[in-house]
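Presented below is the structure to which this report refers.
2 protein chains.
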Amino acid sequence: MHGVAASGEHNGAVRYVAITAVGPAGDQGLDPDREVREIRVRGALLPGLVNVHCHSPMTLFRGSAENLSLDRWLNDVLWPREAHLTADDVYWGMTLAAAELLCFGVTTTCEAYFFEDAVADAVLDAGSRAVVTPGVLQLPGTGSGDDWWDVRTAQIIDFHARRHGDSGRIEVGFAPHAPYTVPLPVLADIAEAARRLDALFHIHLAETEEECTRFAAEHGDSAPAVLARAGVFDGRVLAAHSIWLSDEDMAVYRRHDVAVAHCPQSNAKLASGVAPLVELLARGIRVGLGTDGPASNNDLDLWEEIRLAAMLARIRQRDATVLPAAAALDLATRGAGLALGRPDLGVLAVGAKADMIAVRLDDPAFVPLLEDAQLIEHLVWSASSRLVTDVWVGGRQVVEAGRCLTVDLDEARRQVEARAHRLMQVGV
Amino acid sequence: MHGVAASGEHNGAVRYVAITAVGPAGDQGLDPDREVREIRVRGALLPGLVNVHCHSPMTLFRGSAENLSLDRWLNDVLWPREAHLTADDVYWGMTLAAAELLCFGVTTTCEAYFFEDAVADAVLDAGSRAVVTPGVLQLPGTGSGDDWWDVRTAQIIDFHARRHGDSGRIEVGFAPHAPYTVPLPVLADIAEAARRLDALFHIHLAETEEECTRFAAEHGDSAPAVLARAGVFDGRVLAAHSIWLSDEDMAVYRRHDVAVAHCPQSNAKLASGVAPLVELLARGIRVGLGTDGPASNNDLDLWEEIRLAAMLARIRQRDATVLPAAAALDLATRGAGLALGRPDLGVLAVGAKADMIAVRLDDPAFVPLLEDAQLIEHLVWSASSRLVTDVWVGGRQVVEAGRCLTVDLDEARRQVEARAHRLMQVGV
Chain A
87 MHGVAASGEH NGAVRYVAIT AVGPAGDQGL DPDREVREIR VRGALLPGLV
137 NVHCHSPMTL FRGSAENLSL DRWLNDVLWP REAHLTADDV YWGMTLAAAE
187 LLCFGVTTTC EAYFFEDAVA DAVLDAGSRA VVTPGVLQLP GTGSGDDWWD
237 VRTAQIIDFH ARRHGDSGRI EVGFAPHAPY TVPLPVLADI AEAARRLDAL
287 FHIHLAETEE ECTRFAAEHG DSAPAVLARA GVFDGRVLAA HSIWLSDEDM
337 AVYRRHDVAV AHCPQSNAKL ASGVAPLVEL LARGIRVGLG TDGPASNNDL
387 DLWEEIRLAA MLARIRQRDA TVLPAAAALD LATRGAGLAL GRPDLGVLAV
437 GAKADMIAVR LDDPAFVPLL EDAQLIEHLV WSASSRLVTD VWVGGRQVVE
487 AGRCLTVDLD EARRQVEARA HRLMQVGV
Chain X
87 MHGVAASGEH NGAVRYVAIT AVGPAGDQGL DPDREVREIR VRGALLPGLV
137 NVHCHSPMTL FRGSAENLSL DRWLNDVLWP REAHLTADDV YWGMTLAAAE
187 LLCFGVTTTC EAYFFEDAVA DAVLDAGSRA VVTPGVLQLP GTGSGDDWWD
237 VRTAQIIDFH ARRHGDSGRI EVGFAPHAPY TVPLPVLADI AEAARRLDAL
287 FHIHLAETEE ECTRFAAEHG DSAPAVLARA GVFDGRVLAA HSIWLSDEDM
337 AVYRRHDVAV AHCPQSNAKL ASGVAPLVEL LARGIRVGLG TDGPASNNDL
387 DLWEEIRLAA MLARIRQRDA TVLPAAAALD LATRGAGLAL GRPDLGVLAV
437 GAKADMIAVR LDDPAFVPLL EDAQLIEHLV WSASSRLVTD VWVGGRQVVE
487 AGRCLTVDLD EARRQVEARA HRLMQVGV
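Here you go:
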């Protein structure tokens, strides 16, 4: 049972990119006509975890704005400092995060941030995989006027042309921040641009009750209803947070196949609330888990989100039978891939990306193991990221025995430390 | 800043039991007339964590009764199986748990379980420390009648006489299960016995709303009110869970100085609810964190409870400013010691037990570190048990570089695995 093997298909310079066979050791029925490599692990082999909502370069701001509501956290601390970021800051913030993510077994993240080339460069250099959705948001000091939005949208269209599909590991989308920070006509324009490119439209939605109350007062209806009417939901949409949704809002999501990035830890830490996970899943709405950025979580450990999602769902529903372990794990693997519109992520299946993680089983977390099905219970309820030993992305090993092979972690820590100190000096 | 040193006082066969000096390296002002040993660590030196509510030997039942409410979990699965436990089962269940706890940096647990000699033996053999509070509960098949309760109480009084203070690492108390499983006169008798011995009276209280509703219907008042009137709260009382408390109940706790064992993860997983942590602390009620047993949590990682306590408090209060990191960490260290009536636990201070843990700081979790105070934020919000490298109990090193020196982990895993399979065969 514990000897699972997978093989990956060779593809020129990028080796072993896809899984061609999965099964117990010796049973793969490898095709002798293809160049394949067999990976054998001690322990359990799982698909790489998929983190569907993240601002990874915010490692630069980790723990620097604590005990604040979302509103104050953004306006008083984060945005004034982010206005002083450089591309190199973002490269190093993303690099440190990528190492952290890979060590936790997270092989894909959906990133919403600025300096998107630096994000993509860092992801590729770290050997990781990302959906890079450049942020659209007027930070303090970043110009203004209607023209700014068009320029920024054009930048992202150009970025898509240059980097979409880069090295087989970068997908490009769009991330206008939120309905309360980006004007509705701009959202509609960006949605149209994304639709033309079949690109992901990634937005923060219904994160705080105050934001929803204010939006409804100004627009006469909820943000989901208004956005749907404006055509914003006609493409591939991923709505992060989605806490304060009415039944009608959820019906809108379902009708437009809007997917949700559920971020339980960020939402709890910032006291934003608990999203209606069970109701979303019951309606067939696609949901994946996100850590959110390391300034609001403050780590990038998706294992914690899996367990927390199950716990908060049980508290919210007052029912200990909801979100069984397999359903919770799905939110960080197969379900997360589907939330991104990527059935090739988060699964160990023929044709899927060869993104895999090995988990040690020689730990008290897995004792006792009375039946095979209990492995999933243990993975969710007693294991943790600390048991991830080895990680492969596109068939390339990037973590071995818990050590990231692709990032000089000491250098990344030094770079982020120094840059964070500089950004801290910015008058706020 | 990161070079902290402590020294421990020598005490015959049990070496270096208490801390005699704390300070930056070189600053300890060691007393040359005492035999002391200096401990130097790379990273941060913290007090050993204190887990105030646990049923550690239930590693035997880890993950074997999932997705059930507390009521069904106890009656349908756990209690019928526990009736078939042997002392050796409990010894090995506790041994595996002790190794797990020590590796997570938990140096003291308050244990409520049966076969108390086996529990104490395992704790001592593992080099750990515990408040052993033998359980009082009529499991299916364990005799009945009024006489049974008296016999059991006498057993615990005898256990106290034999083992209290054993090796300087065992404290003995009493753990009648709950007001809905132990008759009120029996609770009063046990409380009186505990008071005579100045021993801890440890009980499950107000864990589910259903239990509270039923108790109030039968007794005409809440369990805290009824127990207080019966004199049950006149000694040293630790009330585990304490979720469904009215303002009057909290006033009763305050008046009688009842301490609370807050178990957020168990309470969330079993959908029992969220305890009023902020209200309890605001009233000056002593609160410590507990993992609860590994059949309901399912791990023994107190670090997770620290973070979850802060998150759930923020959700419950809808306020991101409550439970700042230092307050959350206190619940697993100094505050947990005080909840047990043990100011010598959970602190690095002269005279305290030399129970200490070293935490690696060369991890992304601690980047950036803009000011010293941020270390506490990072410990709570981005670090985890995986960064605990070394652990000392009573000055004796029990974990080194993440490896438990005192328990043969392979043997403990084999023993628990085999015994769990046997118990699983019990007809339920």
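Chains as they are written, first to last, in this note's numbering: chain A, 87 to 514; chain X, 87 to 514.
Quick reminder that beta carbons are idealized off the backbone N, C-alpha and C, glycines included.
For clarity, every value in this text was computed on a predicted model and none was experimentally measured.
For a cut-off of 8 Å, the C-beta gap from A:T195 to A:H288 is around 12 Å, too long to register as a contact. Within chain X, no residue has its CB atom less than 8 Å from the CB of A:N161, the nearest being about 14 Å off. Not a single C-beta of chain X is nearer than 8 Å to the C-beta of A:A412. Contact holds between the region 365-374 of chain X and the region 333-350 of chain X, because three or more Cβ pairs, one in each stretch, are under 8 Å apart. With a cutoff of 8 Å on beta-carbon distance, A:A396 and A:A104 are scored as not near each other. Around the C-beta of A:T299, fewer than 16 other C-beta atoms lie within 10 Å, and the residue is accordingly described as exposed. Within the region 164-230 of chain X, the complete alpha helix (DSSP H) runs of at least 4 residues fall at 165-168, 173-189 and 202-211. Taking a 10 Å sphere around the C-beta of A:V436, we find fewer than 16 other C-beta atoms and assign the residue as exposed. According to DSSP, X:Q511 shares a beta bridge with no other residue.
Where X:A326 is concerned, the enclosing beta strand (DSSP E) starts and stops at R322 to H327.
Under the Cβ criterion of 8 Å, A:L367 is not counted among the residues facing chain X. A residue is called buried when at least 16 other Cβ atoms come within 10 angstroms of its Cβ; A:P310 meets this threshold and is buried. About 18 Å separates the CB atoms of X:L415 and X:I371; that is not less than 8 Å, and the two are not in contact. When only Cα atoms are considered, X:A247 and X:P380 end up about 29 Å apart. The alpha-carbon of X:F200 is positioned some 14 Å away from that of X:D244.
By the beta-carbon neighbour count (other beta carbons within 10 angstroms, threshold 16), A:H507 is exposed.
In the DSSP annotation of this structure, the continuous segment of the beta strand (DSSP E) that includes X:H290 starts and ends at L286 to L291. Residue-level contact check: X:N137 does not touch chain A, since none of the beta carbons of chain A fall below 8 Å from its beta carbon. Under the criterion of beta carbons closer than 8 Å, X:L135 and X:L388 qualify as touching, at roughly 5 Å. Listed along chain A are R148, G149, E152, K355, N383, N384 and D385, each with a C-beta nearer than 9 Å to that of X:W467.
At a Cβ-Cβ threshold of 8 Å, X:A185 and X:L495 count as neighbours. Under the Cβ criterion of 8 Å, X:Q511 is not counted among the residues facing chain A.
Excluding the 5 residues flanking it on each side, A:L394 has same chain C-beta neighbours closer than 8 Å at P350, Q351 and A354, in chain order. Judged by DSSP in its simplified three-state form, A:I371 adopts coil rather than helix or strand. Inter-residue distance for A:Y266 and X:A469 is about 33 Å (C-alpha atoms, whole angstroms).
For the set A:R238, A:S382 and A:P271, the Cα lying nearest the Cα of A:R158 is the one of A:S382. DSSP places A:N161 within a helical segment (H, G or I) once states are collapsed to three. With distances taken between CA atoms, A:Y177 lies nearest to A:V209 out of A:V209, A:A169 and A:S155. Here the C-alpha atom of A:D458 lies approximately 50 Å from the C-alpha atom of X:R282. Residue pairing of X:M442 in beta bridges, as defined by DSSP: X:P133 and X:W478.
Judged by DSSP secondary structure, X:E257 falls within the beta strand (DSSP E) whose first and last residues are I256 to V258.
At a cut-off of 8 Å, the C-beta of A:L415 has no neighbouring C-beta in chain X. Across the set X:L154, X:A399, X:G213 and X:E202, the C-alpha of X:G213 shows the shortest separation from the C-alpha of X:V484.
Judged by their CB atoms, X:H327 and X:A292 are nearer to each other than the 8 Å cut-off. Taking a C-beta cut-off of 9 Å against chain X, the contacting residues of the region 173-193 of chain A are L182, A183, A185, E186 and C189, listed in chain order.
The alpha-carbon of A:E197 is positioned some 27 Å away from that of X:A411.
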